[in-house]
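Engineer:
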Amino acid sequence: MAAKFLLLFIFQFIVCTSSRTLIQQNTGQNSPKVCDPTRFSNLGLNMNDFIYCNSSIPIPKRVKDLVDRMSLEEKVRQLGDEAYGVDRIGLPKYEWWSEALHGVSNFGNAKSPGTFFDDVVPGATSFPTPILTTASFNESLWKRIGQVVSTEARAMYNLRHAGLTFWSPNINTVRDPRWGRAQETPGEDPFVSGRYAVNYVRGLQDVEGHENYTSSDGNSRPLKVAACCKHYVAYDVDNWSGVVRFTFDARVEEQDMVETFQKPFEMCVLEGDVASVMCSYNQVNGIPTCADPVYLKETIRGKWGLHGYIVSDCDSIQVLVQAQKFLNDTPEDGVSQVLRAGLDLDCGEFYTNYTQNALVLGKVRESDIDNALKNLYTTLMRVGYFDGIPEFENLGKDDICSQDHINLAIEAARQGIVLLKNENQTLPFKSNLITTLALIGPHANVTTPMIGNYAGIPCRYTSPLDAFKQEVKEVIYEIGCDSVACLNGSLIFPAMEAAKKADATVIVVGLDLSVEAEMLDRVDLLLPGFQNQLIDQVAMVAKGPVVLVVISAGCVDIGFAQLNPNVSAILWAGYPGEEGGHGIADVVFGKYNPGGKLPITWYQNSYVGLIPMTSMPLRPIVNLGYPGRTYKFYNGPIVYPFGYGLSYTTFNYKITNSNNRIDINLDEFIHCRDINYAANVSKPTCPAVLIDDLSIQCASGKYNFELEVEVENSGNMNGSETVMVYWVPPYGIIDAPIKQLIGFQKVFLGVGESINVKFKLDGCKSLGLVDYRAYTLLAAGTHRIVVGDNLASFSLGIQLNSLPS
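Residue 1 is where the sequence shown starts when you use full-length UniProt numbering, and the numbers rise one by one after that.
1. Roughly how many whole angstroms lie between the Cα atoms of P730 and R661?
2. For the region 746-797, which segments carrying the beta strand (DSSP E) assignment without a break, of at least 3 residues, lie completely within its bounds, in sequence order?
3. According to DSSP, simplified to helix, strand and coil, what is G510?
4. Can you find the residues in the same chain that come closer than 6 angstroms, C-beta to C-beta, to Q337, ignoring five residues on each side of it along the sequence?
5. With DSSP run on the structure shown, which of helix, strand or coil describes H603?
6. For V418, collect the residues of the same chain with a Cβ closer than 6 angstroms to its Cβ; drop the 5 residues on either side in sequence, then sort them by chain order.
7. What's the C-alpha gap between G286 and V475?
8. Going by DSSP, which residues form a beta bridge with G719?
9. With respect to the alpha helix (DSSP H) encompassing L465, which residues constitute its N-terminal and C-terminal limits?
10. Can you find at least 3 beta carbon pairs, one from the region 173-188 and one from the region 116-134, that sit closer than 8 angstroms?
11. My output table needs one value for L408: the three-state DSSP class, helix, strand or coil.
12. Where are the alpha helix (DSSP H) runs, 4 residues long or more, that stay fully inside the region 327-369, in chain order?
13. Take the Cβ of Y213 as the centre, count every other Cβ of all protein chains shown within 10 Å, and call the residue buried at 16 or more, exposed below.
14. Could you say which of Y385, L563, R221 lies nearest to V207 if we only look at CA atoms?
15. Thinking C-beta only, is D398 closer than 8 angstroms to V67?
16. Could you tell me whether the region 384-397 touches the region 149-157, where touching means 3 or more Cβ pairs closer than 8 angstroms?
17. Under 8 angstroms between the Cβ atoms of N282 and F248?
18. Is it buried or exposed for Q205, if we count other Cβ within 10 angstroms and need 16 for buried?
19. Taking DSSP as the reference, what is the three-state secondary structure of T185?
20. Where does M519 sit, in a helix, a strand or coil, going by DSSP?
21. Under 8 angstroms: do the region 748-755 and the region 772-787 share three or more Cβ pairs, one atom per stretch?
22. DSSP three-state label for H582, please.
23. Check whether the Cβ atoms of D557 and N605 sit closer than 8 angstroms, and answer yes or no.
24. Which residues in the same chain have their Cβ closer than 7 angstroms to the Cβ of S793, if we skip the five residues on either side of it in sequence?
25. If you reduce the DSSP assignment to three classes, tell me which class V567 lands in.
26. Decide if K61 is buried, meaning its Cβ has at least 16 other Cβ atoms within 10 Å, or exposed.
27. Check Y631 in the structure and name its three-state DSSP category.
28. The alpha helix (DSSP H) with T115 in it runs from where to where?
29. Which residue marks the beginning of the beta strand (DSSP E) containing A438, and which one marks its end?
30. Using a 10 Å radius around the Cβ and a threshold of 16 neighbouring Cβ atoms, would you call G362 buried or exposed?
31. Can you tell me where the alpha helix (DSSP H) holding S695 begins and where it ends?
32. State the CB to CB distance for the pair G203 and G123, rounded to an integer number of angstroms; the pair is presumed to be in contact (CB under 8 angstroms).
33. What does a CB cutoff of less than 7 angstroms around Q24 pick up in its chain, not counting 5 residues either side in sequence?
34. Which one of V86, T614, G114, G643 has the shortest CA to CA distance from C347?
35. Per DSSP, what are the beta-bridge partners of Y653 in this structure?
36. Do V472 and T435 have their C-beta atoms closer together than 8 angstroms?
Here it is as structure tokens:
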């Protein structure tokens, strides 16, 4: 995330005890808070002299008092991620940078870490990376994980081992399958990413009883911890063919910006009420995102009404000045650009070092600095940094790595795993029929790669080898490859010999951070080195059935294994977290029936030769021969589609109730809008209306429509199913998506059980079509609502009626 990336890896495990003089090895009682009379007394101060510590006064007045007490020099020293504090007014130092992508992490400022582990807190629960968690399509699971992570974070704060501001989640859209950071994200669908953001953020932030708010009290709603949705916006190129994120200019059409890139962030702010948004390194159409007032001040804070602060990706201002050379700015120019654009906090030192001189030179106003500080300290007031929050003050060591939390990590791994192939019902294995199991592959005994990046120190690891040893009498383990790179083919022969002896064989292959990571985009979609050869040769000689398990974030072209009759079953396990071994073994041996669905399209490797990663449009570019991107616009050959996933049981679908028509009456304020149709398709007399013109009706729910689907488990095993609902626009509209996910629900059904799954869908949001002018329109004509992979569907007519004159 930061330009000082290498330093983080060198120092992230070093505990800077010299800067941690306040560490107390307690059990959670007497949580640290600024407004503690004893603390003020130790500083030779009387807390009663400071209005900002009077909790009976509204937060805006308290924050104003705090900011007004600072000199200019003191103010600017609070604008970096390492806020230096002001001893004379009782304000301590604070490190804003902590991470909680899929568990509390010690990734952050190497010089002054916001979160760290040692003998007091040796680790925290490490859940699967978001790409696998998203594959569960279980919103309650997403929120529950957020709740557990924030509980552990709050306990670590009480133990003086963490802050209260966490720069997670990453909700960028996976536009290209080569992107190295896919593991951190919820996948390729902006709606799914938005729903993930809302639930995970709510899990991190919500204090029971304070979930709801009005626009007038949004800046006073208490927070468990403060989350951050990143990286805003159109950021998904790290390091590809010499193009790096620090200087990449993403050329984005407004249609894609509204429809795809901004959508998850809009949902995160409006529905998740996130406390922070992080702007990204890249430029968008020639302007650095952190210096664009349209994106920051006008959109995030203005249109969406952010209750919180905007932070830069680390060293972004330095990057703007030194790498991008934006407008040939001096450091003071760069600081003034981003401060005026609405950037409150610099993850870095440019604000700290240059803001005072920028003011002296007349480039910024002190009121701009004051506004930034007010946004920052309002957030710290809400999160209990000054006063504490009673519900969380007794959290301590026992609330970190508890058995309940570890069990949730196992459950998350189970729910995310996707069954891609299962010929002749090979899986699940029956323990009583398998006494000898060959476990083969570079990830067969994997530990640290299971937790991916932005991970802390886990409570423990359960590798596949550990887990399978609990299931069968004898496990014959052969690595098959010396590493994920798999450059040594000599290890394949011992693996083949093991498979010849065993009742069944499990091959665990895939990728790791040496192939896909921050600042490392992929060059192809293949398994590295001799991994394909390992799979083929082991499968060819194996005595029993062969199961392939792929550990990766991005898609892998395993078409050869998909078509290989000697490979009976395939599982995708993402990066499954500290308990990934349990999740895999439980699925293989039928302790859990897999119900995960792919949150990204699995393309054939040929895709990467068709389009450069730097091409930003999602729709096909016909004159260049570029295919579309994501399931919404790509219709070429694939290995597995978005939303794909098998089960050990079967499910039947039937639509039992639905709306079939929405009538919209036109008047002098609602006018017809044009849409481009294919030349051979008849266009309606009134093709569409602007959804903004229907704002009153949309807000009232007038154009909502309902759908009820009966789902029956018609197989022989209890299991889960994700009911996915897609919208297909009227036929013939140029550049419309092929289909678009508009709703999903996870259900768990016993054998023979059925359930009616109800969807109440907002017609204005679910049927909105973004045209090339970036207008969001409601098109007339016949729309189709499709459940699953065409398991059921119905037509929904949109009728635009002119009022009689």
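Where a beta carbon is used, it is the ideal one built from N, C-alpha and C, also for glycine. These numbers were taken from a predicted model, which means no experiment stands behind them.
Structural biologist: The answer reads as follows:
1. Reading the sequence shown from its first residue, position 730 is the one you call residue 730. Reading the sequence shown from its first residue, position 661 is the one you call residue 661. Those two C-alpha atoms are separated by around 13 angstroms.
2. 754-762, 776-779, 781-787
3. The residue given as residue 510 occupies position 510 in the sequence shown. Here G510 sits in strand by DSSP.
4. On the sequence shown, position 337 is the one that residue 337 refers to. Contacts found: A291.
5. If you number the sequence shown from 1, residue 603 lands on position 603. This sequence places Tyr at residue 603; His is not what is there. Y603: strand per DSSP, three-state reduction.
6. As a working note, residue 418 is residue 418 in the sequence shown. Result list for V418: A135, W572, G596, L598, G645, in chain order.
7. As a working note, residue 286 is residue 286 in the sequence shown. As a working note, residue 475 is residue 475 in the sequence shown. Their Cα atoms are separated by approximately 57 angstroms.
8. Indexing the sequence shown from 1 puts residue 719 at position 719. DSSP, once it has assigned bridges, lists L749 as partnering G719.
9. Along the sequence shown, one-based indexing puts residue 465 at 465. Unbroken alpha helix (DSSP H) run through L465: 464-469.
10. yes
11. Numbered from its first residue, the sequence shown carries residue 408 at position 408. DSSP places L408 in helix when its eight states are reduced to three.
12. 331-341, 350-360
13. By one-based count along the sequence shown, residue 213 stands at place 213. So Y213 ends up on the exposed side.
14. Position 207 of the sequence shown, counting from 1, holds the residue named residue 207. Minimum Cα distance to V207 is reached at R221.
15. Against the sequence shown, residue 67 aligns to sequence position 67. Against the sequence shown, residue 398 aligns to sequence position 398. No. Outside cutoff.
16. yes
17. Your numbering for residue 282 matches position 282 in the sequence shown. Your numbering for residue 248 matches position 248 in the sequence shown. It is a contact, given that the beta carbons lie within the stated cut-off.
18. Along the sequence shown, read from residue 1 onward, the residue named residue 205 stands at position 205. Buried: at least 16 other Cβ atoms inside 10 Å.
19. Counted from its first residue, the sequence shown places residue 185 at position 185. Correct three-state label for T185: coil.
20. Translated into the one-based positions of the sequence shown, residue 519 becomes position 519. Here M519 sits in coil by DSSP.
21. no
22. The sequence position of residue 582 within the sequence shown is 582, counting from 1. Here H582 sits in helix by DSSP.
23. To locate residue 557, count along the sequence shown from 1; it is residue 557. To locate residue 605, count along the sequence shown from 1; it is residue 605. A contact, by the Cβ cut-off of 8 angstroms.
24. By 1-based counting over the sequence shown, the position of residue 793 is 793. Closer than 7 angstroms at Cβ, skipping near neighbours: R784, I785, V786, V787.
25. By 1-based counting over the sequence shown, the position of residue 567 is 567. V567: coil per DSSP, three-state reduction.
26. Within the sequence shown, numbered from 1, the residue matching residue 61 stands at position 61. Counting Cβ neighbours within 10 Å, K61 comes out exposed, since fewer than 16 surround it.
27. For the purposes of this step, residue 631 is identified with residue 631 of the sequence shown, where counting begins at 1. Y631: helix per DSSP, three-state reduction.
28. Taking the first residue of the sequence shown as position 1, residue 115 is located at position 115. Unbroken run through T115: none, as it is neither H nor E.
29. For the purposes of this step, residue 438 is taken as residue 438 along the sequence shown, with counting starting at 1. 436-440 is the span of the beta strand (DSSP E), which, as asked, contains A438.
30. Counted from its first residue, the sequence shown places residue 362 at position 362. G362 comes out exposed.
31. Position 695 of the sequence shown, counted from the first residue, corresponds to residue 695. 695-700 is the span of the alpha helix (DSSP H), which, as asked, contains S695.
32. Here the question's residue 203 lines up with position 203 in the sequence shown. Here the question's residue 123 lines up with position 123 in the sequence shown. Contact flag wrong, Cβ pair sits at about 20 angstroms.
33. In the sequence shown, counting from the first residue as 1, residue 24 sits at position 24. Summary for Q24: the model assigns pLDDT 37, below 50, so the residue's position carries little reliability; its value from the coordinates is reported in the next sentence. Same-chain partners within the cutoff: R160.
34. Taking the sequence shown and counting its residues from 1, one reaches residue 347 at position 347. Nearest of V86, T614, G114, G643 to C347, Cα basis: G114.
35. Here residue 653 refers to the residue found at position 653 when the sequence shown is read from its first residue. Its beta-bridge partners are V711.
36. The residue you call residue 472 lines up with position 472 of the sequence shown. The residue you call residue 435 lines up with position 435 of the sequence shown. For V472 and T435, yes; Cβs fall inside 8 angstroms.
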